[in-house]
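Since the structure comes first, as structure tokens, the remarks are kept for the end.
There are 2 protein chains.
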Amino acid sequence: MKILIDCFGCDNPKEWTRGIADAINQVDGVSIIAVGDRDFIEDSLSGETFDRSRLEIVHTTEMITNDDFPAEAIRKKRDSSLVRALKMLRDDDSIKALISAGSTGAVLVGSIVIIGNCEGVERPGLSALMPCDNGKTVLIADCGANMDCDADNLLDFARYGSSYIKSVYGIEKPAVALLSVGVEDKKGNNLTKEAFALLKESGLNFVGNMEARDALSGKYDVIVTDGFPGNVLIKSFEGAAKTVSGMMAQYLMKNAPKDTDLSFVKKSFGQLGAALDTSSTGGAVLLGLKKIVIKSHGNATAINTVNSIKQAKKMIEGGYLDDLG
Amino acid sequence: MKILIDCFGCDNPKEWTRGIADAINQVDGVSIIAVGDRDFIEDSLSGETFDRSRLEIVHTTEMITNDDFPAEAIRKKRDSSLVRALKMLRDDDSIKALISAGSTGAVLVGSIVIIGNCEGVERPGLSALMPCDNGKTVLIADCGANMDCDADNLLDFARYGSSYIKSVYGIEKPAVALLSVGVEDKKGNNLTKEAFALLKESGLNFVGNMEARDALSGKYDVIVTDGFPGNVLIKSFEGAAKTVSGMMAQYLMKNAPKDTDLSFVKKSFGQLGAALDTSSTGGAVLLGLKKIVIKSHGNATAINTVNSIKQAKKMIEGGYLDDLG
Chain A
21 MKILIDCFGC
31 DNPKEWTRGI
41 ADAINQVDGV
51 SIIAVGDRDF
61 IEDSLSGETF
71 DRSRLEIVHT
81 TEMITNDDFP
91 AEAIRKKRDS
101 SLVRALKMLR
111 DDDSIKALIS
121 AGSTGAVLVG
131 SIVIIGNCEG
141 VERPGLSALM
151 PCDNGKTVLI
161 ADCGANMDCD
171 ADNLLDFARY
181 GSSYIKSVYG
191 IEKPAVALLS
201 VGVEDKKGNN
211 LTKEAFALLK
221 ESGLNFVGNM
231 EARDALSGKY
241 DVIVTDGFPG
251 NVLIKSFEGA
261 AKTVSGMMAQ
271 YLMKNAPKDT
281 DLSFVKKSFG
291 QLGAALDTSS
301 TGGAVLLGLK
311 KIVIKSHGNA
321 TAINTVNSIK
331 QAKKMIEGGY
341 LDDLG
Chain B
21 MKILIDCFGC
31 DNPKEWTRGI
41 ADAINQVDGV
51 SIIAVGDRDF
61 IEDSLSGETF
71 DRSRLEIVHT
81 TEMITNDDFP
91 AEAIRKKRDS
101 SLVRALKMLR
111 DDDSIKALIS
121 AGSTGAVLVG
131 SIVIIGNCEG
141 VERPGLSALM
151 PCDNGKTVLI
161 ADCGANMDCD
171 ADNLLDFARY
181 GSSYIKSVYG
191 IEKPAVALLS
201 VGVEDKKGNN
211 LTKEAFALLK
221 ESGLNFVGNM
231 EARDALSGKY
241 DVIVTDGFPG
251 NVLIKSFEGA
261 AKTVSGMMAQ
271 YLMKNAPKDT
281 DLSFVKKSFG
291 QLGAALDTSS
301 TGGAVLLGLK
311 KIVIKSHGNA
321 TAINTVNSIK
331 QAKKMIEGGY
341 LDDLG
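Sequence lines, in order, name chains A and B.
Using this note's numbering, the first residue of the first sequence is number 21, and each one after it goes up by one.
Using this note's numbering, the first residue of the second sequence is number 21, and each one after it goes up by one.
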């Protein structure tokens, strides 16, 4: 199984690229095509021991950064690691997925222009994968790439989101919910009212409207939304988690008697951080593209490379695009 | 200063009504007109000691509940505590504010129909008041009453929200921000792009776009948004706070050595709860009405009665409607 890694465009390209060695050591059955400057890639991997026969390097001379205008960069930087990788994914059916930690805009635009959307899909959705209270993972789409969606867009996010959860987690009928301002059928805005009707007739396991406070309850596998409130949802959780754990740390430090052994408090914060760590669930998936493209965090490190490659493997083996693409 | 209390329509009317006695004891210079069934009100206050000369009871025979359709209830239940109170507020200029903990829909519809909007205001906004990391309070409007807003609606929320913060907290030029998906000027959807242009020209202290994760940072006094993402924002914070503090409690209990005195942990959770408690900031305000109407939580208790009355007093004394109404 061949997977492409775009080595450039992220904050820590060296760390990100170094993760390829870890992935080869930890994930069976995959070979990696690393795309970027050959010397840089060789240098990033120089201290690592791994099966070199499972790595191919494709040398490119340009890179796309967050300072580039996405559409222009995709058009003009033809020898960038991202554009070259996307073209290889498009042209070579033996290559199954592309993972990039580069500019979200460039990955999105490049994927739409070079790979193309699945039949009937107008706009690919960007998913966020968040860890739930009960250890499950919830997919939220769209999480900020698509503003001013229509109801058909939301139906597409639901279909591809369901297929993602089914392929990666083996859940036969993922529970799909619609983000709204109340759980009652009639609650919401013009968009959610239209989308509600479509989802009800979709044949998916649509469980109705849900409220933001229950997003991580584990009751839902897929939460469908326009990208604007979707983005508000994930950033609110992020902000609140930081605020609440920060306040709690302050209070505990202030209130603890002087000679208290606080190692159990430290351990607890470590566990909290691990439970809330979204990197364990992999990168964001572009839902509705003809091929598998995963967008990892801009500040990704080696652990994200490994997790995204594991995620891609599960999607491929689980048949993510088989009924849809 | 006369303030109306709608005694009915909430989950704990007895507790809510009993709070009137506490308010009279704690808040100087206000007299209360309690509207509802006379016997019930007398009974709720029977064990309390307070200056009876500062309480007037207006007897009504009906009540509006959450099971009523708001518009129909306002039209038909003419002797309900809410409708009677709204009419008194409209007709008697010596009465300065109305506080209700009843059905949000009925309070909104009743206020629009009976009190009316300020000149030029199409839809009154419902504000949420949330405590920030640094002890400040941020007003978020709309927080869920108005779906599918236009840019003019958002400008109204900004104007009345600013006036609220100025009147209650004495901040001369409240910092107004627009909820979006990034801080850059061009980020957002069609609505925020239009609203951005209006806010920039508004003469308010508009500080630009903000992201949901920074809502409680204390950098902003007023956050303006359509009611759909506004509702997602406040419910996400609520959900995340519950999730994170719940997880932290579990970890601490599990990790603490057997003989640890956990009273400092308990104290810390108490402080966290107090810091996150929105009841301290008062009820939601209907922004853009001709008179002051405050909507307290449906599950309000006596402390909410007191805080809402304090809040109303500050709004009146601070001249909330003086430049606007």
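Glycine included, C-beta positions come from ideal geometry on N, C-alpha and C.
Just so you know, these numbers come straight off a predicted model, no measurement behind them.
Is SER256(A) close to chain B, meaning its C-beta is less than 8 angstroms from at least one C-beta of that chain? Here residue 256(A) refers to the residue found at position 236 when the first sequence is read from its first residue. It does; some Cβ of chain B falls within 8 angstroms.
Per DSSP, which residues does GLU231(A) bridge with? Please list them. To locate residue 231(A), count along the first sequence from 1; it is residue 211. Answer is SER200(A), bridged to GLU231(A).
Looking at the structure shown, is ALA269(A) part of a helix, part of a strand, or coil, going by DSSP? Against the first sequence, residue 269(A) aligns to sequence position 249. In this structure, ALA269(A) counts as helix in the three-state DSSP scheme.
Look up ALA121(B) in the DSSP assignment and say whether it is helix, strand or coil. Here residue 121(B) refers to the residue found at position 101 when the second sequence is read from its first residue. Coil.
Can you give the Cα-Cα distance for GLY145(A) and CYS163(A), rounded to whole angstroms? In the first sequence, the residue the question calls residue 145(A) occupies position 125. In the first sequence, the residue the question calls residue 163(A) occupies position 143. Going by the C-alpha atoms only, they are around 8 angstroms apart.
From the DSSP secondary-structure annotation, give me the bridge partner or partners of SER147(A). As a first step, residue 147(A) is located in the first sequence; it is residue number 127 there, counting from the start. SER147(A) pairs with ALA161(A).
What residues of chain B sit near GLU231(A), judged by a beta carbon separation below 7 angstroms? Mapped onto the first sequence, residue 231(A) falls at position 211. Here the neighbours are LYS255.
Looking at C-alpha atoms only, which residue of ALA332(B), GLU221(B), LYS213(B), GLY223(B) is the closest neighbour of ASN229(B)? Sequence index remark: in the second sequence, residue 229(B) carries index 209 (1-based). Checked all of ALA332(B), GLU221(B), LYS213(B), GLY223(B); the closest Cα to ASN229(B) is LYS213(B).
Would you check if the distance between the CB atom of ILE195(B) and the CB atom of GLY181(B) is smaller than 8 angstroms? The sequence position of residue 195(B) within the second sequence is 175, counting from 1. The sequence position of residue 181(B) within the second sequence is 161, counting from 1. Rather than Ile, the amino acid found at residue 195(B) in this sequence is Ala. Not closer than 8 angstroms, so no.
So, are the CB atoms of ILE53(B) and ILE115(B) less than 8 angstroms apart? In the second sequence, the residue the question calls residue 53(B) occupies position 33. In the second sequence, the residue the question calls residue 115(B) occupies position 95. Going by C-beta atoms, ILE53(B) is nearer than 8 angstroms to ILE115(B).
Tell whether a beta-carbon distance below 8 angstroms holds between ASN210(B) and ASP168(A). Residue 210(B) sits at position 190 when you count from the first residue of the second sequence. Residue 168(A) sits at position 148 when you count from the first residue of the first sequence. Yes, they are a contact pair.
What's the call for LEU282(A), buried or exposed, on a 16-neighbour Cβ count within 10 Å? Within the first sequence, residue 282(A) is the residue found at index 262, counting from 1. Looking at its Cβ environment, which holds fewer than 16 other Cβ atoms inside 10 Å, LEU282(A) is exposed.
Interface residues of chain A facing ASN173(B) [CB-CB closer than 8 angstroms]: Here residue 173(B) is taken as the residue at index 153 of the second sequence, counted from 1. None at all; the shortest Cβ gap to chain A is about 13 angstroms.
Can ASP153(B) and THR263(A) be called in contact, C-beta distance under 8 angstroms? Along the second sequence, one-based indexing puts residue 153(B) at 133. Along the first sequence, one-based indexing puts residue 263(A) at 243. Against a cut-off of 8 angstroms, the Cβ pair of THR263(A) and ASP153(B) comes out as a contact.
Sequence-distant residues of its chain with Cβ nearer than 6 angstroms to SER73(B) (five each side left out): Residue 73(B) sits at position 53 when you count from the first residue of the second sequence. If we look at SER73(B) and ignore the five residues flanking it on each side, it has no Cβ neighbours.
By Cβ distance, which residues of its chain are closer than 6 angstroms to ALA322(B), with the 5 residues on each side in sequence left out? By one-based count along the second sequence, residue 322(B) stands at place 302. Here the set comprises GLU35, ARG38, GLY39, ASP42.
Quick one: which chain B residues come within Cβ less than 7 angstroms of LYS287(A)? For this step, residue 287(A) is matched to residue 267 along the first sequence. The contacting residues are ASN275.
Name, please, each residue of chain B whose Cβ falls closer than 9 angstroms to the Cβ of TYR240(A). As a position in the first sequence, residue 240(A) is number 220, starting the count at 1. Per Cβ cutoff of 9 angstroms: no residues; TYR240(A) is ~12 angstroms from chain B at best.
Against ASN251(B), what residues of chain A qualify as contacts under a CB-to-CB distance less than 9 angstroms, listed in chain order? Working through the second sequence from its first residue, we reach residue 251(B) at position 231. Residues of chain A passing the Cβ test: SER200, VAL201, GLY202, GLU231, ALA232, PRO249.
Taking the CB atoms as reference points, tell me whether VAL188(B) and MET335(B) lie closer together than 8 angstroms. The residue you call residue 188(B) lines up with position 168 of the second sequence. The residue you call residue 335(B) lines up with position 315 of the second sequence. Yes; because the gap between Cβ atoms is below 8 angstroms, this pair is in contact.
Residues that GLY259(B) contacts on chain A, provided the C-beta gap is smaller than 9 angstroms: Here residue 259(B) refers to the residue found at position 239 when the second sequence is read from its first residue. Residues of chain A passing the Cβ test: GLU231, ALA232, ARG233, ASP234, ALA235, LEU236, SER237, SER256, PHE257, ALA260.
Could you say which of SER183(B), SER66(B), LYS220(B), LYS156(B) lies nearest to ALA171(B) if we only look at CA atoms? Looking up residue 171(B) in the second sequence gives position 151. Nearest of SER183(B), SER66(B), LYS220(B), LYS156(B) to ALA171(B), Cα basis: LYS220(B).
Among GLY67(A), GLY49(A), GLU76(A), whose alpha-carbon lies nearest the alpha-carbon of ASP26(A)? For the purposes of this step, residue 26(A) is taken as the residue at position 6 of the first sequence. Of the listed residues, the one whose Cα sits closest to ASP26(A) is GLU76(A).
Under a Cβ-count criterion, where at least 16 other Cβ atoms within 10 Å of its own Cβ denotes burial, should ASN327(A) be classed as buried or exposed? In the first sequence, counting from the first residue as 1, residue 327(A) sits at position 307. So ASN327(A) ends up on the buried side.
Would you decide whether VAL203(B) is buried or exposed? Buried here means 16 or more other CB atoms lie within 10 Å of its CB. Start at 1 with the first residue of the second sequence, and residue 203(B) comes out as number 183. Exposed, by the Cβ-count rule.
Do you know how far the Cα of ASP111(A) is from the Cα of VAL313(A)? For the purposes of this step, residue 313(A) is identified with residue 293 of the first sequence, where counting begins at 1. For the purposes of this step, residue 111(A) is identified with residue 91 of the first sequence, where counting begins at 1. Approximately 14 angstroms, taken between the alpha carbons.
Give me the chain A residues within the contact set of ALA295(B), using Cβ-Cβ distance strictly less than 9 angstroms, ordered along the chain. Residue 295(B) sits at position 275 when you count from the first residue of the second sequence. Ordered by position in chain A, the residues that pass the 9 angstroms Cβ test against ALA295(B) are MET267, TYR271.
Minimum Cβ-Cβ distance from THR301(B) to chain A less than 8 angstroms: Along the second sequence, one-based indexing puts residue 301(B) at 281. No - not a single Cβ of chain A is within 8 angstroms of the one on THR301(B).
Using beta-carbon positions only, say whether PHE216(A) and LEU198(A) come within less than 8 angstroms of one another. Along the first sequence, read from residue 1 onward, the residue named residue 216(A) stands at position 196. Along the first sequence, read from residue 1 onward, the residue named residue 198(A) stands at position 178. Yes, Cβ-Cβ distance for PHE216(A) and LEU198(A) is below 8 angstroms.
First and last residue of the uninterrupted alpha helix (DSSP H) at GLU92(B): Working through the second sequence from its first residue, we reach residue 92(B) at position 72. Element bounds for GLU92(B): 90-96.
Using the C-alpha atoms, what's the distance from ASP297(B) back to GLY155(B)? Walking along the second sequence from the start, residue 155(B) turns up at place 135. Walking along the second sequence from the start, residue 297(B) turns up at place 277. Cα to Cα, the separation comes out at about 12 angstroms.
My output table needs one value for ASP168(A): the three-state DSSP class, helix, strand or coil. Walking along the first sequence from the start, residue 168(A) turns up at place 148. It is coil, neither helix nor strand.
Please determine, among ASN137(B), ASP59(B), VAL78(B), the residue with the shortest C-alpha to C-alpha distance to LEU344(B). Residue 344(B) sits at position 324 when you count from the first residue of the second sequence. Ranking the options by Cα distance to LEU344(B), first place goes to ASN137(B).
At 7 angstroms on the CB atoms, spell out the chain A contacts of GLN291(B), in chain order. The count along the second sequence starts at 1 and reaches residue 291(B) at position 271. TYR271, listed in chain order.
Taking the straight line between their C-alpha atoms, what separation do you get for ASN32(B) and ASP88(B)? Counted from its first residue, the second sequence places residue 32(B) at position 12. Counted from its first residue, the second sequence places residue 88(B) at position 68. ASN32(B) and ASP88(B): Cα-Cα distance of roughly 18 angstroms.
Please confirm whether MET167(B) has its beta-carbon closer than 8 angstroms to some beta-carbon of chain A. Your numbering for residue 167(B) matches position 147 in the second sequence. Yes, MET167(B) lies at the interface with chain A (some Cβ there is under 8 angstroms from its Cβ).
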